[in-house]
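To start, the structure itself, in structure tokens.
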Amino acid sequence: MKSFRKELWFQTPGRRAFVNITREVEAALHDSGVREGLVLVNAMHITASVFINDDESGLHADYETWLEQLAPHEPVSGYRHNRTGEDNADAHMKRQVMGREVVVAITAGKLDFGPWEQIFYGEFDGGRRKRVLIKIIGE
8 MKSFRKELWF QTPGRRAFVN ITREVEAALH DSGVREGLVL VNAMHITASV FINDDESGLH
68 ADYETWLEQL APHEPVSGYR HNRTGEDNAD AHMKRQVMGR EVVVAITAGK LDFGPWEQIF
128 YGEFDGGRRK RVLIKIIGE
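Residue numbers (the numbering used here): 8 to 146.
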């Protein structure tokens, strides 16, 4: 069995962002030489996410609105976590809702997606460098 590891690094300028990373994962798959197996893609930071959905701007705007309603950033004093000097309790909660990772099957050297599926990095407390791990195993 082959094993391949790659890191992607992000530093988004704004507090929140959704970045389509499908092409980067496909490139890693190509570099791995794996034809049948699994790929794990996970955010290696507790205020960021990796998820699968459609690459449609209206949906991303809906996510922004929905997540802000679930865990509003302001007032930062409303969260006990922020008493530690942080202002990102909402980002931890948004990450929990959107998820830490995705696993995608690899079939015939391709990501085995359903219709419209794409992989995204979700940033909820931007402004500093964070990484995503791509781990590929298979034959």
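Ideal Cβ placement from N, Cα and C applies to all residues, glycine included.
Computed from a predicted structure; not experimentally measured.
Suppose contacts are defined by Cβ-Cβ distances below 8 Å. Is residue i in contact with residue j by that definition?
i    : j    : result
P107 : V139 : The sequence given here has Arg at residue 107, not Pro. For R107 and V139, no; Cβs fall outside 8 Å.
V26  : Y128 : yes
Y86  : A96  : yes
I144 : L36  : no
E63  : R23  : no
Please work out which residues of its chain come closer than 6 Å, Cβ to Cβ, to residue i, disregarding the five sequence neighbours upstream and downstream, and give them in chain order.
i    : result
K101 : L74, A78 and F131
H80  : D97
N89  : V83 and A96
What first and last residue would you give for the beta strand (DSSP E) that runs through residue i?
i    : result
G145 : K137 to G145
E108 : E108 to T114
Which of helix, strand or coil does DSSP assign to residue i?
i    : result
Y128 : strand
E14  : strand
A150 : Because the chain here runs from 8 to 146, residue 150 falls outside it and cannot be looked at.
E93  : coil
R19  : According to the sequence as given, residue 19 is Thr; it is not Arg. Reduced to three states, the DSSP call for T19 is coil.
V41  : coil
Excluding the 5 residues preceding and the 5 following residue i in the sequence, name in chain order all residues of the same chain whose CB lies nearer than 8 Å to its CB.
i    : result
R136 : W16, F17 and Q18
D119 : V111, A112 and I113
Enumerate in chain order the residues of its own chain whose CB-to-CB distance from residue i is below 7 Å, with the five nearest sequence positions on each side excluded.
i    : result
V109 : V48, V57, F58, I59 and I126
A115 : R42
I53  : H99 and R102
Pop quiz: residue i and residue j are said to be a contact at Cβ under 8 Å. What is the actual Cβ separation, rounded to whole angstroms?
i    : j   : result
K9   : G40 : 6 Å
G92  : P20 : About 23 Å separates the two Cβ atoms, so there is no contact after all.
D94  : V83 : 5 Å
W123 : D69 : At roughly 15 Å, the Cβ-Cβ gap does not stay under 8 Å, so W123 and D69 are not in contact.
Which residues mark the beginning and the end of the alpha helix (DSSP H) in which residue i is found?
i   : result
S56 : Note, S56: premise wrong, no alpha helix (DSSP H); beta strand (DSSP E) at A55 to N60.
W73 : S64 to L77
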